[in-house]
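Novice: Residue numbers (the working numbering): 1 to 435. Idealized CB from N, CA, C, for every residue including glycine.
Shown next, in the form of structure tokens:
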């Protein structure tokens, strides 16, 4: 009897140890993580590392990309250019070992864009499939072993997607569909300001299994010139008990029916009709509040959508006009909103329910921030343009934990977090960082 009890105890202990990673680990299948707001439940993450400390493995990448990595079922997926910048690649790595499992040339480099590359849209994955989008116009679905399942030519099917700095929107994978905002002006080559139109601005939904079009709806705008262009992503929101899709760009934020694309409400955010307000940050859903920012670090604001009234800045619940964001997408965590001003290198904590500032802190660092912050284990991580990661303890105010750098290389990619590890894609290498 004693032997049986002992063996039962040992077996239960082994099973419990085996369950620990499953309990605490979450995959990072989309650019903004499992909660689509830049957060995850991962714990035991390091706050300090360098070339010799807490770097579990690294891998030389064949070329540059601004795309962020994603993780699903123990595999890391990332976009890249090849060394000659002639082909656009989809790559897959083993999360634990760093081994390259496969690398596929998926699209040709067919154009050039200012200060950017054609592999800037991040992949998105589910448990069996991964989807790669490139500014060349190609959207390709593969299984986790790299076998192509379907492909779409976005420009052939939906019109030009070219913008001044290249198409960078990452598809939103939500309830079996891929949602793509294609919000841009018809101005290729660049036309006179009064000749820009919204002819090729759309919200598109595709069936994730087949690639078939679920809907394509025109997204009207009366913006001027560059202000038509949006480089951000769609986000889901629960509105009046139903799921909707929220997109921002072309001087407006709009909510859409997930099945038809029909516009449900609209918020106007460029009353002065600035003509150079291209939009980069993605909206952040803070429960019933939609948080958005005007382009180029102007005003940021929160509003509660109301389809029965005309909404604009005068009807916003609150406006924040200090140290706002131009590029980085903010994080919503534990009823708090965290805004990184990439130019001034500041972090602001706001209560999104009323817009009041809770605290502010200086991130410092060697360069400006292009990538978006992520939060886990009560720590905020943000990578600057020199691939230096700033870590802040946000559990009780602002406490700077340190600056970590494994190399000096240009970087615009955000961190991914999975299996209690940080996945960093610098301009030169892919890193796995953990305790």
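So within the segment 333 to 384, which uninterrupted alpha helix (DSSP H) runs reach at least 4 residues, ignoring any that extend past its ends?
Specialist: none
Novice: Using the Cα positions of residue 108 and residue 299, report the straight-line distance between them to the nearest angstrom.
Specialist: 39 Å
Novice: State buried or exposed for residue 143, treating a residue as buried only when at least 16 other CB atoms are found within 10 Å of its CB.
Specialist: exposed
Novice: For the segment 48 to 67 against the segment 397 to 414, are there 3 or more C-beta pairs whose distance is under 8 Å?
Specialist: yes
Novice: Straight-line CA distance for residue 78 to residue 400?
Specialist: So the alpha carbons of these two residues sit roughly 30 Å apart.
Novice: Relative to the C-alpha of residue 423, which residue among 94, 102, 329 is closest?
Specialist: 94
Novice: Runs of 3 residues minimum, wholly inside the segment 268 to 306: which ones carry the beta strand (DSSP E) assignment?
Specialist: 284 to 286, 289 to 293, 300 to 303
Novice: Out of 99, 405, 150, point me to the one whose CA is closest to residue 53's CA.
Specialist: 405
Novice: Taking all protein chains shown into account, do 16 or more other C-beta atoms lie within 10 angstroms of the C-beta of residue 260, making it buried, or fewer, making it exposed?
Specialist: exposed
Novice: Please report the Cβ distance between residue 214 and residue 171, rounded to the nearest whole angstrom; I am assuming they are in contact, meaning their Cβ atoms lie under 8 Å.
Specialist: Taking the Cβ atoms as the reference, residue 214 lies roughly 13 Å from residue 171, outside the contact range of under 8 Å.
Novice: Cα separation between residue 223 and residue 46?
Specialist: Counting only the Cα atoms, residue 46 lies some 45 Å from residue 223.
Novice: Where do the N-terminal and C-terminal ends of the beta strand (DSSP E) with residue 388 fall, by residue?
Specialist: Counting along the chain, the beta strand (DSSP E) containing residue 388 begins and ends at 388 to 393.
Novice: Within its chain, find whatever has a CB closer than 6 Å to the CB of residue 368; leave out the 5 residues flanking it on each side and keep chain order.
Specialist: 342, 343, 385
Novice: Quick one: Cα of residue 255 to Cα of residue 273, how far?
Specialist: 21 Å
Novice: If I follow the unbroken alpha helix (DSSP H) through residue 154, where does it start and stop?
Specialist: 154 to 158
Novice: Counting Cβ pairs closer than 8 Å, one from the segment 139 to 159 and one from the segment 264 to 284, do we hit at least three?
Specialist: no
Novice: Could you tell me which uninterrupted beta strand (DSSP E) segments, each at least 3 residues in length, are contained entirely in the segment 86 to 130, listed from first to last along the chain?
Specialist: 87 to 94, 100 to 108
Novice: Assign residue 63 to one of two classes, buried (16 or more other C-beta atoms within 10 Å of its C-beta) or exposed (fewer than that).
Specialist: buried
Novice: So for residue 225, helix, strand or coil by DSSP?
Specialist: helix
Novice: Can you tell me the Cβ-Cβ gap for residue 116 and residue 166, rounded? I've got them flagged as a contact below 8 Å.
Specialist: 4 Å
Novice: Run through DSSP, which three-state label would residue 213 get?
Specialist: Annotated three-state conformation of residue 213 is strand, per DSSP.
Novice: Mind the definition here: the segment 280 to 288 touches the segment 307 to 320 only if three or more C-beta pairs lie below 8 Å; say whether that holds.
Specialist: no
Novice: Classify residue 435: buried if its beta carbon has 16 or more other beta carbons within 10 angstroms, exposed otherwise.
Specialist: By the neighbour-count rule (16 or more Cβ atoms within 10 Å), residue 435 is not buried but exposed.
Novice: Mind reading off the beta-carbon distance from residue 219 to residue 201? Whole number of angstroms is fine, and I expect it under 8 Å.
Specialist: 5 Å
Novice: The beta strand (DSSP E) with residue 41 in it runs from where to where?
Specialist: Here residue 41 belongs to no beta strand (DSSP E), and DSSP marks it neither H nor E.
Novice: Given residue 362, which residues of its chain have a CB within under 7 Å of its CB, disregarding the five upstream and five downstream residues?
Specialist: 345, 346
Novice: Per DSSP, residue 421 is paired with what?
Specialist: 418
Novice: Counting along the chain, where does the beta strand (DSSP E) carrying residue 253 start and finish?
Specialist: 252 to 257
Novice: Buried or exposed: residue 225, going by 16 or more other Cβ atoms within 10 Å of its Cβ?
Specialist: buried
Novice: What residue from 36, 30, 168, 61 has the CA that sits closest to residue 409's CA?
Specialist: 61
Novice: Once DSSP output is grouped into helix, strand and coil, what is the label at residue 328?
Specialist: coil
Novice: Could you give the residue range of the beta strand (DSSP E) that holds residue 432?
Specialist: 429 to 433
Novice: Using the three-state DSSP reduction, which class does residue 183 fall into: helix, strand or coil?
Specialist: coil
Novice: In the DSSP assignment, what residue or residues form a beta bridge with residue 206?
Specialist: Paired residue(s): 178, 213.
Novice: If we call anything under 9 Å between Cβ atoms a contact, is residue 391 one with residue 37?
Specialist: no
Novice: I need the DSSP call for residue 313, collapsed to helix, strand or coil.
Specialist: helix
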